[in-house]
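Undergrad: Residue numbers (full-length UniProt numbering): 1 to 226.
Idealized CB from N, CA, C, for every residue including glycine.
Predicted, not measured: the structure shown is a model, and the values here were computed from it.
Would you mind keeping the following structure in view while I ask a few things?
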C-alpha cells in the first residue's frame with residue numbers, strides 16, 4: 001500500500017466535500033507533518049468544535065493523531081469523552097480512510113450526548129439546587145415553610161396594567177351592585193335600613209339614590225333616638 005498516495009487522495013476528497021469547513025496547514029519545518037482541521041457543528045445542540053488531525057507515517061494502517069480544538073457547547077468532561085470515543089473508533093477503522101467516518105461519528109455522538117442549545121452547561125441556580133441536601137425531615141419542612149411564607153409576603157407584584165384591570169373590574173362590579181340595590185329599594189323601600197346599608201358597605205352614587213340615602217338616614221336617626 002502506498003501510504004502517501006492514500007493520504008493525498010483522502011485530503012483531495014475532504015477538500016471537495018468540505019470546501020469551507022476543511023483547512024490544510026502545511027508543515028513549516030522539515031520532519032513535521034501537515035496538520036488538518038475539519039469543523040464539526042451540531043445545530044440542534046448549538047455545539048461546534050474543530051477535529052484536528054495529522055497523519056501517522058503508515059496511515060491508514062495506523063490511526064491518525066487526533067485532537068479537539070475550539071470547542072463550544074461541550075463541557076470539559078464531555079470533550080474528553082468525545083475525544084476518547086473518536087480514538088477508539090479510529091482503531092476500529094484502521095486499514096481504510098476514516099476521517100469522513102470520524103466526522104460523522106463526532107456529529108452523532110454530540111447529538112446523542114449534548115442537550116438542546118444552552119442546556120449542557122449548568123446554571124448557578126441549578127447547581128445550587130442540586131447540591132442542597134437536608135440532614136433531617138424537619139429541616140426540609142422548615143425550608144418549605146419559609147419559602148411559602150416568603151411567597152405569601154411578596155404576593156403578586158402590582159403593575160400599572162394589572163392595577164388598571166383590577167380598577168375597571170371593581171368599578172363594573174360596584175356599578176352592577178348599585179343598580180341592583182336601587183331597583184330593590186324602589187320595589188320595597190323598607191327592605192333595608194340605613195344601618196344595614198352601612199354595614200354592607202354599599203355606596204349608591206346615582207342621582208336617584210341620593211334622595212333615598214337622605215330619607216333612610218333621617219329614619220335611622222329617628223329610630224335610634226326614640
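Say whether chain C places a C-beta atom closer than 8 Å to the C-beta of residue 27.
TA: Going by chain labels, chain C is absent from the structure shown, which holds only one protein chain.
Undergrad: Spell out a yes or no on whether the region 11 to 25 and the region 62 to 78 are touching, meaning 3 or more CB-CB pairs, one atom from each, closer than 8 Å.
TA: No contact exists between the region 11 to 25 and the region 62 to 78.
Undergrad: Please name the residue, chosen from 70, 75, 108, that lies closest to residue 86 on a Cα-to-Cα basis.
TA: Residue 108 is the option with its Cα nearest to residue 86.
Undergrad: What does the Cβ neighbour count give for residue 104, buried or exposed, with the cut at 16 atoms within 10 Å?
TA: Residue 104 should be labelled exposed.
Undergrad: At the level of alpha carbons, what is the spacing between residue 72 and residue 169?
TA: Looking at the two C-alpha atoms, the distance is approximately 52 Å.
Undergrad: Report back the beta-carbon spacing between residue 111 and residue 44 to the nearest angstrom; my notes put them in contact at under 8 Å.
TA: Yes, residue 111 and residue 44 are in contact; Cβ-Cβ is about 6 Å, under 8 Å.
Undergrad: Let me make sure I understand the geometry here. Which of 94, 26, 48, 77 has the alpha-carbon closest to that of residue 61?
TA: Of 94, 26, 48, 77, the residue nearest in Cα terms is 94.
Undergrad: Among 4, 172, 26, which residue has its Cα nearest to the Cα of residue 57?
TA: The shortest C-alpha separation from residue 57 is found at 4.
Undergrad: Taking the C-alpha atoms as reference points, what is the distance between residue 34 and residue 114?
TA: Spanning the two alpha carbons is a distance of roughly 31 Å.
Undergrad: Rounded to a whole number of angstroms, what is the C-alpha to C-alpha distance between residue 21 and residue 101?
TA: Whole-angstrom Cα-Cα distance: 15 Å.
Undergrad: Which residues does DSSP pair with residue 94 in a beta bridge?
TA: BP columns for residue 94 are empty, so no partner.
Undergrad: Only counting the same chain, and skipping five residues up and downstream in sequence, which positions put a Cβ closer than 6 Å to that of residue 83?
TA: 68.
Undergrad: Would you report the Cα separation of residue 128 and residue 31, rounded to the nearest angstrom?
TA: Legend: pLDDT at residue 128 = 41, less than 50; position of this residue unreliable, no value from coordinates given.
Undergrad: Could you please give the first and the last residue of the uninterrupted alpha helix (DSSP H) stretch that includes residue 5?
TA: Where residue 5 is concerned, the enclosing alpha helix (DSSP H) stretches over 3 to 17.
Undergrad: Give the straight-line distance between the Cα atoms of residue 55 and residue 49, rounded to the nearest whole angstrom.
TA: About 19 Å.
Undergrad: Could you spell out where the beta strand (DSSP E) holding residue 52 opens and where it closes?
TA: 47 to 54 is the span of the beta strand (DSSP E), which, as asked, contains residue 52.
Undergrad: DSSP three-state label for residue 171, please.
TA: The answer is helix: DSSP assigns residue 171 an H, G or I state.
Undergrad: Provide the residue(s) that pair with residue 36 in DSSP beta bridges, ordered along the chain.
TA: Answer is 24, 53, bridged to residue 36.
Undergrad: Return yes when the Cβ of residue 39 is within less than 8 Å of the Cβ of residue 99, no when it is not.
TA: No, Cβ-Cβ distance for residue 99 and residue 39 is not below 8 Å.
Undergrad: Please report how far the alpha carbon of residue 106 lies from the alpha carbon of residue 76, in whole angstroms.
TA: In a straight line, the C-alpha of residue 106 is about 16 Å away from that of residue 76.
Undergrad: What's the C-alpha gap between residue 24 and residue 36?
TA: Near 5 Å, if we compare the C-alpha coordinates of residue 36 and residue 24.
Undergrad: Excluding the five sequence neighbours on either side, which residues of its own chain have a C-beta within less than 7 Å of the C-beta of residue 89, listed in chain order?
TA: Cβ neighbours of residue 89 beyond the five flanking positions: 102, 105.
Undergrad: By DSSP, does residue 74 sit in helix, in strand, or in coil?
TA: Reduced to three states, the DSSP call for residue 74 is coil.
Undergrad: Taking its Cβ as the centre, do 16 or more other Cβ atoms sit within 10 Å of residue 165, making it buried, or is it exposed?
TA: Per the 10 Å Cβ criterion, exposed.
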